[in-house]
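Since the structure comes first, as structure tokens, the remarks are kept for the end.
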Amino acid sequence: MTTVRPAATAATPTAPAGRDRTIDLIRALCICGVVVLHAMMVGVTVTDAGPSFVNASDGTAWIVPLSWALQVMPLFFAIGGFSGATAFRRARARGADGVGFVAGRVHRLLLPAIVTIGAAGGLLALLTVAGVPADLVTLAGFRFAQPLWFLGVFLVCQALLPSLLRLHETAPLRSISALALLAAAVDVARLTTGVEGLGFLNLAFVWLAMQQLGFFLADGRIDALSRRTRVLWLAGAIAGLAISFVSGIHSPDLVANINPPTTALLLVGIAHTALFSLFRAPLARLAARRLPSTVTGFVTPRAMTVYLWHMPVLLGLAGLTAAAGMVSGIPLPAVDSAAWWLTRPLWLVLALTTTALVARWLAPVEAAPAPAPARSAWWVAVAVVVGTAAVALLLATGTSVVAAALAVALLGVALRSGRRTADRPIIGGRRLSSPARVALG
Numbered sequence: 001m002t003t004v005r006p007a008a009t010a011a012t013p014t015a016p017a018g019r020d021r022t023i024d025l026i027r028a029l030c031i032c033g034v035v036v037l038h039a040m041m042v043g044v045t046v047t048d049a050g051p052s053f054v055n056a057s058d059g060t061a062w063i064v065p066l067s068w069a070l071q072v073m074p075l076f077f078a079i080g081g082f083s084g085a086t087a088f089r090r091a092r093a094r095g096a097d098g099v100g101f102v103a104g105r106v107h108r109l110l111l112p113a114i115v116t117i118g119a120a121g122g123l124l125a126l127l128t129v130a131g132v133p134a135d136l137v138t139l140a141g142f143r144f145a146q147p148l149w150f151l152g153v154f155l156v157c158q159a160l161l162p163s164l165l166r167l168h169e170t171a172p173l174r175s176i177s178a179l180a181l182l183a184a185a186v187d188v189a190r191l192t193t194g195v196e197g198l199g200f201l202n203l204a205f206v207w208l209a210m211q212q213l214g215f216f217l218a219d220g221r222i223d224a225l226s227r228r229t230r231v232l233w234l235a236g237a238i239a240g241l242a243i244s245f246v247s248g249i250h251s252p253d254l255v256a257n258i259n260p261p262t263t264a265l266l267l268v269g270i271a272h273t274a275l276f277s278l279f280r281a282p283l284a285r286l287a288a289r290r291l292p293s294t295v296t297g298f299v300t301p302r303a304m305t306v307y308l309w310h311m312p313v314l315l316g317l318a319g320l321t322a323a324a325g326m327v328s329g330i331p332l333p334a335v336d337s338a339a340w341w342l343t344r345p346l347w348l349v350l351a352l353t354t355t356a357l358v359a360r361w362l363a364p365v366e367a368a369p370a371p372a373p374a375r376s377a378w379w380v381a382v383a384v385v386v387g388t389a390a391v392a393l394l395l396a397t398g399t400s401v402v403a404a405a406l407a408v409a410l411l412g413v414a415l416r417s418g419r420r421t422a423d424r425p426i427i428g429g430r431r432l433s434s435p436a437r438v439a440l441g
């Protein structure tokens with residue numbers, strides 16, 4: 001028989017009123033894992049025809065186990081749900097509503113993005129003027145844009161958080177089950193019709209389900225389950241993944257399951273969340289130690305900056321590597337060769353260190369205090385829609401000088417909308433309600 005202890009509330013030690021250092025540590029490790037995963041995919045060679053930049057993981061076997069270790073996006077969204085629910089509940093206890101919460105998220109996510117995208121557009125312009133071949137400039141723009149899917153999806157998830165948290169508080173199992181079933185239905189439709197584009201509907205359902213799972217973590221409901229139950233959930237998720245791999249439903253390469261996202265990521269998220277809960281006590285002790293605490297303290301206030309800038313850093317390092325090879329005449333090791341593997345530790349240290357230096361330099365952007373938020377839910381909703389459209393533009397077209405300029409303009413509109421002071425009329429001392437305000441909590 002399953003044993004369930006009374007669920008903890010948001011005020012219990014499992015979901016404290018202040019910051020949870022264990023959650024912060026896992027978030028920092030997730031960010032570092034993303035940087036390492038993407039750094040391992042960088043392949044640079046120089047031939048008589050010039051430099052060549054490839055995905056080093058294409059056609060290799062090592063990406064499968066590496067993806068099992070470093071595909072942390074499901075856990076990242078669950079942690080986002082935990083942190084967002086905790087922050088919004090604190091704000092709600094002070095009398096705030098979802099409008100200010102979402103406006104703050106718009107500012108925190110989009111202000112670093114507008115700087116990064118503007119800089120990327122300027123660098124692409126410089127490369128073009130310097131005579132770099134157009135195909136290499138296009139490839140650099142495409143690679144830069146790839147990780148930006150996270151920015152758009154996370155923005156939408158956080159914008160819907162107040163409403164989805166309210167739904168969770170009234171129907172927790174039904175709300176997460178509905179999202180998971182919709183994600184499964186999309187997978188079934190994609191597999192049966194062969195229309196891969198259908199899978200992009202799971203940009204909503206998979207990641208919203210993971211955010212919803214984070215609400216359970218914030219409630220203390222997962223930690224309140226017996227250890228045996230959590231182990232069974234972990235084993236069930238792993239078994240489900242194994243069956244899906246063997247049957248050919250999902251690729252064993254978890255990186256391949258992210259574009260578009262599949263239900264394999266739901267199982268990964270369940271497994272990672274169960275592991276986190278099972279080892280939360282030793283993780284809490286680890287988080288209190290000096291080195292992990294230092295890493296957490298560095299990454300936490302710069303998380304979005306690290307994420308947004310790690311790809312430009314990797315692209316820049318790849319370009320410098322190719323230039324050094326051409327100038328010196330020293331041949332670069334063939335991708336996936338023994339010599340290439342011997343250089344990976346140095347490459348990873350260089351990638352992480354340079355990203356950290358850039359993030360430290362640009363930290364003031366992300367730390368800039370948010371202005372007074374819009375009092376109109378409509379303007380905040382406009383900010384979310386326009387900000388998401390800017391990201392979608394770059395994902396659809398790849399980053400070019402023109403696309404970057406348009407995206408920066410749209411992000412500027414989004415940031416401006418999120419802090420407008422325009423208001424709806426007040427009648428009888430009460431502000432008129434609106435669908436936008438309902439949606440934003």
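Heads up: the sequence shown begins at 1 in UniProt numbering, then just goes up one per residue. We put the CB at the ideal spot given by N, CA and C, even for glycine. All values reported here derive from a predicted model rather than from experimental measurement.
The residue from 380, 408, 379 and 383 with its alpha-carbon nearest to that of residue 393 is 408.
Scanning its chain for C-beta atoms nearer than 7 Å, with the 5 sequence neighbours on each side dropped, one finds around residue 200 the residues 260, in chain order. As computed with DSSP, residue 26 is found in no beta bridge at all. By the Cβ criterion, the stretch 42-55 is not in contact with the stretch 358-366, since fewer than three pairs of Cβ atoms, one from each stretch, lie closer than 8 Å.
For the stretch 305-371, the full-length alpha helix (DSSP H) segments reaching 4 residues or more read 338-367 along the chain. If you draw a straight line from the Cα of residue 67 to the Cα of residue 376, it comes to about 43 Å. The DSSP-derived three-state label of residue 300 is helix. Excluding sequence positions up to five before and after residue 205, its CB lies within less than 7 Å of the CB of 179, 182, 183 and 186, all in the same chain and listed in chain order. Taking every protein chain shown into account, the CB of residue 24 has 16 or more other CB atoms within 10 angstroms, so this residue is buried. By the criterion of a C-beta distance shorter than 6 Å, residue 253 is surrounded in its chain by 63, 64 and 67, once the five residues flanking it on both sides are discounted. In this structure, 308 is the residue among 251, 212 and 308 with its C-alpha nearest to the C-alpha of residue 117. Distances from the CA of residue 42 to each of 164, 335 and 126 were compared; the closest alpha carbon is that of 335. Counting only runs of 4+ residues, the alpha helix (DSSP H) found wholly inside the stretch 37-117 occupies 63-70 and 73-93, in chain order. Burial state of residue 99 is buried, judged by a 10 Å Cβ sphere holding 16 or more other Cβ atoms. Bridge pairing for residue 258: 261 [DSSP]. Inter-residue distance for residue 69 and residue 142 is about 26 Å (C-alpha atoms, whole angstroms).
Judged by pairs of C-beta atoms under 8 Å, the stretch 397-407 touches the stretch 131-146, as three or more such pairs exist.
Each residue's CA atom was taken as its position, placing residue 106 and residue 384 some 7 Å apart. A Cβ-Cβ separation of about 6 Å places residue 101 in contact with residue 91 under the 8 Å criterion. Just so you know, the alpha carbons of residue 212 and residue 75 end up roughly 11 Å apart. Residue 331 and residue 299 have their alpha carbons spaced roughly 36 Å apart. Note: residue 217 is not bridge-paired with any residue in the DSSP secondary-structure output.
Distance check between residue 85 and each of 168, 352 and 341 places 168 closest, using alpha-carbon atoms only.
Note that the C-beta distance between residue 162 and residue 215 is not below 9 Å.
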